[in-house]
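Numbering (the working numbering), first residue to last: 1032 to 1174.
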């Protein structure tokens, strides 16, 4: 009877009555992405969907599920995208490997471009021979 009562209270209010359970729920919410805002956790988002997800998290925490069970439920419904830090596996390899790969590619392109510019830079002119210097002096009237 008590778990059902706690669950009913969790649904009716914005926070769980037990501070420890609420802290646990907030910790879980902090690691879940708002599917509307995308760069905010559901803990800090004002989107209606984030409110629904917060309610689901609180209901499941109040029902006695573990943190992993709550996350697994949301991942089953929304995919790994709902996690702020998706796990490293084959399906999320692009999420984890893409940014470093793009950074490495950009650095490589910059390095190649700088090397090419160095190779194409004009060489410093050679010093004049004594004959050329004499001819210039003769033409300019500085003999």
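The beta carbon of each residue, even a glycine, is placed where N, CA and C say it ideally should be.
Taking the alpha-carbon positions, what's the residue i to residue j distance?
{"i": "residue 1164", "j": "residue 1141", "result": "42 Å"}
{"i": "residue 1172", "j": "residue 1155", "result": "27 Å"}
{"i": "residue 1035", "j": "residue 1082", "result": "With a pLDDT of 47 at residue 1035, under the threshold of 50, the modelled position of that residue is not reliable, and the figure given next carries that caveat. If I take the Cα positions, the gap works out to 21 Å."}
{"i": "residue 1149", "j": "residue 1158", "result": "22 Å"}
{"i": "residue 985", "j": "residue 1147", "result": "For the chain, the structure presents residues 1032 to 1174; residue 985 sits outside this window and is missing."}
{"i": "residue 1129", "j": "residue 1065", "result": "22 Å"}
{"i": "residue 1041", "j": "residue 1125", "result": "In this prediction, residue 1041 scores a pLDDT of 42, lower than 50, which makes its location untrustworthy; the coordinate-derived value is nonetheless stated afterwards. Going from the Cα of residue 1041 to the Cα of residue 1125 covers about 38 Å."}
{"i": "residue 1109", "j": "residue 1121", "result": "18 Å"}
{"i": "residue 1160", "j": "residue 1138", "result": "44 Å"}
{"i": "residue 1151", "j": "residue 1170", "result": "33 Å"}
{"i": "residue 1144", "j": "residue 1166", "result": "41 Å"}
Should residue i and residue j be called a contact, given that it needs their Cβ atoms to be closer than 8 Å?
{"i": "residue 1123", "j": "residue 1117", "result": "yes"}
{"i": "residue 1056", "j": "residue 1068", "result": "no"}
{"i": "residue 1092", "j": "residue 1106", "result": "no"}
Relative to the alpha-carbon of residue i, which residue among the options has its alpha-carbon at the smallest distance?
{"i": "residue 1104", "options": "1063, 1069, 1121 and 1045", "result": "1063"}
{"i": "residue 1075", "options": "1115, 1144 and 1126", "result": "1115"}
{"i": "residue 1060", "options": "1073, 1092 and 1095", "result": "1073"}
{"i": "residue 1090", "options": "1143, 1045, 1109 and 1170", "result": "1045"}
{"i": "residue 1047", "options": "1088, 1077 and 1071", "result": "1088"}
{"i": "residue 1112", "options": "1162, 1168 and 1071", "result": "1071"}
I'd like the list of long-range same chain contacts for residue i, defined as Cβ closer than 8 Å, with 5 residues on each side in sequence excluded.
{"i": "residue 1177", "result": "Residue 1177 lies beyond the range of the chain shown here (1032 to 1174); nothing can be said about it."}
{"i": "residue 1096", "result": "1104"}
{"i": "residue 1043", "result": "Only weak support exists for where residue 1043 lies, its pLDDT of 40 falling under 50; the value from the coordinates is given anyway. Taken in chain order, the list of residues that qualify is empty."}
Under 6 Å Cβ to Cβ from residue i, same chain only, skipping five residues before and after it: list those, please.
{"i": "residue 1136", "result": "none"}
{"i": "residue 1037", "result": "Because the pLDDT at residue 1037 is just 47, under 50, the model does not fix this residue reliably, and the value given afterwards should be weighed accordingly. Closer than 6 Å at the Cβ level, and outside the excluded window around residue 1037, lie 1093."}
Per DSSP, what are the beta-bridge partners of residue i in this structure?
{"i": "residue 1057", "result": "Paired residue(s): none; residue 1057 is not in a bridge."}
{"i": "residue 1146", "result": "For residue 1146, which the question treats as bridged, DSSP gives no partner whatsoever."}
{"i": "residue 1063", "result": "1114"}
{"i": "residue 1072", "result": "1064"}
Spatial neighbours of residue i within its chain, please: C-beta separation below 7 Å, excluding the five flanking residues on both sides.
{"i": "residue 1127", "result": "1119"}
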